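Residues 1 to 365 (this note's numbering) are what the sequence shown spells out, left to right.
Everything below concerns the one structure shown next.
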Amino acid sequence: MIETPYYLIDKAKLLQNMEKIAQVRERSGAKALLALKCFATWSVFDLMRDYMDGTTSSSLNEVRLGHERFGKETHAYSVAYADHEIDEVVGHADKIIFNSIGQLDRFADRASGIVRGLRLNPQVSSSSFDLADPARPFSRLGEWDAEKIEKAMDRISGFMIHNHCENEDFELFDRILGQIEENFGALLSRVEWVSLGGGIHFTGENYPLETFCDRLKAFADKYGVQVYLEPGEASITQSTTLETTVLDTLYNGKHLAIVDSSIEAHMLDLLIYRESAKVTPNKGPHRYLVCGKSCLAGDIFGEFDFERELKVGDRVSFQDAAGYTMVKKNWFNGVKMPAIAVRELDGSIRTVREFTYADYEQSLS
Ligand SMILES: Cc1ncc(COP(=O)(O)O)c(C=O)c1O
Numbered sequence: 001m002i003e004t005p006y007y008l009i010d011k012a013k014l015l016q017n018m019e020k021i022a023q024v025r026e027r028s029g030a031k032a033l034l035a036l037k038c039f040a041t042w043s044v045f046d047l048m049r050d051y052m053d054g055t056t057s058s059s060l061n062e063v064r065l066g067h068e069r070f071g072k073e074t075h076a077y078s079v080a081y082a083d084h085e086i087d088e089v090v091g092h093a094d095k096i097i098f099n100s101i102g103q104l105d106r107f108a109d110r111a112s113g114i115v116r117g118l119r120l121n122p123q124v125s126s127s128s129f130d131l132a133d134p135a136r137p138f139s140r141l142g143e144w145d146a147e148k149i150e151k152a153m154d155r156i157s158g159f160m161i162h163n164h165c166e167n168e169d170f171e172l173f174d175r176i177l178g179q180i181e182e183n184f185g186a187l188l189s190r191v192e193w194v195s196l197g198g199g200i201h202f203t204g205e206n207y208p209l210e211t212f213c214d215r216l217k218a219f220a221d222k223y224g225v226q227v228y229l230e231p232g233e234a235s236i237t238q239s240t241t242l243e244t245t246v247l248d249t250l251y252n253g254k255h256l257a258i259v260d261s262s263i264e265a266h267m268l269d270l271l272i273y274r275e276s277a278k279v280t281p282n283k284g285p286h287r288y289l290v291c292g293k294s295c296l297a298g299d300i301f302g303e304f305d306f307e308r309e310l311k312v313g314d315r316v317s318f319q320d321a322a323g324y325t326m327v328k329k330n331w332f333n334g335v336k337m338p339a340i341a342v343r344e345l346d347g348s349i350r351t352v353r354e355f356t357y358a359d360y361e362q363s364l365s
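In structure tokens:
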């Protein structure tokens with residue numbers, strides 16, 4: 001028995017996403033890079049490596065991890081690189097994508113040994129969620145002025161465009177790509193590769209995978225480019241749970257259950273986006289507000305229905321706990337850091353990392 005809390009990555013479920021990604025690569029010709037900002041738990045890279053082309057990153061640390069732990073093709077991107085980082089970044093990467101022409105101007109020479117690209121901001125939103133919308137007004141994420149970009153064309157061979165956010169709607173993807181083609185078609189036909197970023201939920205159930213592939217292929221053929229995708233969430237969706245134990249129950253007008261975890265420390269993204277965690281089957285006559293053990297008054301995972309009354313010692317599993325969770329876990333309140341465990345394809349469960357007081361202590365000085 002592993003002591004809770006722990007994240008449990010199920011390789012069989014991960015494999016289902018990997019097989020869809022492999023299908024997309026095969027049918028569309030697009031390459032797929034794991035976005036490490038979403039998921040960087042390298043213990044399962046051995047499995048993922050066979051189904052993906054490499055990784056993409058958002059910092060020096062990520063590009064190094066991608067290079068050292070995943071291998072294959074390694075893309076470097078960052079909103080801004082510092083002077084003292086750039087040589088090391090270049091040393092780890094096959095391609096570097098600059099966020100702005102300013103960064104390209106500063107660092108193009110020092111990156112002349114590898115392929116260089118620029119982030120293009122198409123100014124088309126796929127989401128009305130301002131916080132996660134790269135095309136929000138005054139966005140710093142990429143260049144949008146075709147005239148300015150034109151002047152940089154001699155120093156780059158590709159573009160990265162990322163403007164989707166958990167987009168499950170193929171029609172919307174198709175429409176947005178059409179708008180990008182309309183606005184930037186002339187530039188697209190002058191480059192060798194285009195990364196369409198992440199945020200496309202193509203491994204989700206009922207996503208029209210073949211139509212998606214055909215659209216990608218038509219785009220690649222029209223402009224003569226190698227297309228890349230940068231799936232983060234789509235790579236690991238539904239693969240992982242956060243396993244917790246009930247420590248206490250209370251009744252304060254509602255039934256409350258406190259678990260040995262914290263949404264702020266262990267599933268922070270849900271708090272940032274004001275979303276509820278997921279518990280399945282979420283059916284039954286006993287409704288509980290399941291709360292974390294940190295001091296934050298709103299440390300609440302959500303309100304769920306259970307078959308039985310919850311008691312101290314009962315297990316509560318939160319679904320879909322891979323993306324933007326493990327990469328964001330933190331030591332708020334010194335709450336015990338969840339271990340990381342993997343359910344292997346043969347069903348056996350292996351703990352791959354445990355965190356101790358020393359890790360907490362050493363996270364500060
Ligand atoms: C440039 C870039 N690529 C890829 C991703 C991965 O997105 P997702 O995890 O939604 O697929 C992101 C997410 O913010 C991103 O900014």
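Glycine residues also receive a C-beta, built at the ideal position from the N, C-alpha and C atoms.
Everything numeric in this text was worked out from a predicted model, so none of it was measured.
(message) With three or more beta-carbon pairs closer than 8 Å as the criterion, would you say the segment 236-252 touches the segment 9-20?
(response) yes
(request) Measure the C-alpha to C-alpha separation of Phe318 and Lys148 and round it to an integer number of angstroms. (result) Locating residue 318 in the sequence shown gives position 318, where the first residue counts as 1. Locating residue 148 in the sequence shown gives position 148, where the first residue counts as 1. Distance between the alpha carbons of Phe318 and Lys148: 47 Å.
(request) Determine which residues share a DSSP beta bridge with Trp193 and list them. (result) In the sequence shown, residue 193 corresponds to position 193, counting from 1. DSSP output for Trp193 lists Gly158, Gln226 as bridge partner(s).
(request) Mark Cys213 as exposed unless 16 or more other C-beta atoms lie within 10 angstroms of its C-beta, in which case mark it buried. (result) In the sequence shown, counting from the first residue as 1, residue 213 sits at position 213. Classification for Cys213: buried.
(request) May I ask which residues mark the beginning and end of the beta strand (DSSP E) holding Ala265? (result) Counted from its first residue, the sequence shown places residue 265 at position 265. Looking at the DSSP string, Ala265 is not in any beta strand (DSSP E); the run it does join, the alpha helix (DSSP H), is 263-266.
(message) What residue range does the alpha helix (DSSP H) around Val316 cover?
(response) Within the sequence shown, residue 316 is the residue found at index 316, counting from 1. Looking at the DSSP string, Val316 is not in any alpha helix (DSSP H); the run it does join, the beta strand (DSSP E), is 315-318.
(message) My parser needs the beta strand (DSSP E) runs of 3 or more residues fully inside the segment 106-167; what are they?
(response) 115-119, 158-160
(message) ligand 1 and Pro122: does any heavy atom of the ligand fall closer than 8 Å to the residue's C-beta?
(response) On the sequence shown, position 122 is the one that residue 122 refers to. False, no ligand heavy atom lies under 8 Å from that Cβ.
(request) Indicate the three-state DSSP secondary structure (helix, strand or coil) for Leu209 in the structure shown. (result) Counted from its first residue, the sequence shown places residue 209 at position 209. Reduced to three states, the DSSP call for Leu209 is helix.
(message) With distance defined between alpha-carbon atoms, name the residue in Glu168, Leu196, Thr249 nearest to Leu209.
(response) As a working mapping, residue 209 is identified with position 209 in the sequence shown. Checking every option, the nearest Cα to that of Leu209 belongs to Glu168.
(request) Output the boundary residues of the beta strand (DSSP E) element that contains His75. (result) Position 75 of the sequence shown, counted from the start, is the residue given in the question as residue 75. Here the beta strand (DSSP E) through His75 covers 73-78.
(request) Confirm the yes/no value for this check: CB of Thr401, any heavy atom of ligand 1, distance under 8 Å. (result) Residue 401 is absent from the structure shown; the chain starts at 1 and stops at 365.
(message) Beta-carbon within less than 7 Å of Glu309's beta-carbon, same chain only, minus the 5 sequence neighbours each way: which residues are those?
(response) Reading the sequence shown from its first residue, position 309 is the one you call residue 309. So the qualifying residues of the chain are His286.
(message) Report the CB separation of Val246 from Lys311 in whole angstroms; it is logged as a contact under 8 Å.
(response) Position 246 of the sequence shown, counted from the first residue, corresponds to residue 246. Position 311 of the sequence shown, counted from the first residue, corresponds to residue 311. About 7 Å separates the two Cβ atoms, so the contact holds.
(request) May I ask which residues mark the beginning and end of the beta strand (DSSP E) holding Leu296? (result) Numbered from its first residue, the sequence shown carries residue 296 at position 296. First-last for Leu296: undefined, no H or E at that position.
(message) According to DSSP, is Arg343 part of a helix, a strand, or is it coil?
(response) On the sequence shown, residue 343 is found 343 positions in, with the first residue counted as 1. Note: Arg343 maps to strand in three-state DSSP.
(message) Run through the DSSP bridge pairs and tell me what Phe306 is partnered with.
(response) Against the sequence shown, residue 306 aligns to sequence position 306. His286, per the DSSP bridge assignment.
(request) Starting from Arg388, follow its DSSP beta bridges and name the residues at the other end. (result) The shown model of the chain, from 1 to 365, leaves out residue 388, and the question about it has no answer.
(message) Quick check: what's the CA-CA separation for Ala76 versus Thr280?
(response) Position 76 of the sequence shown holds residue 76. Position 280 of the sequence shown holds residue 280. Distance between the alpha carbons of Ala76 and Thr280 is about 38 Å.
(message) Checking the sheet assignment: what are the DSSP bridge partners for His255?
(response) The count along the sequence shown starts at 1 and reaches residue 255 at position 255. DSSP lists Tyr251 as partners of His255.
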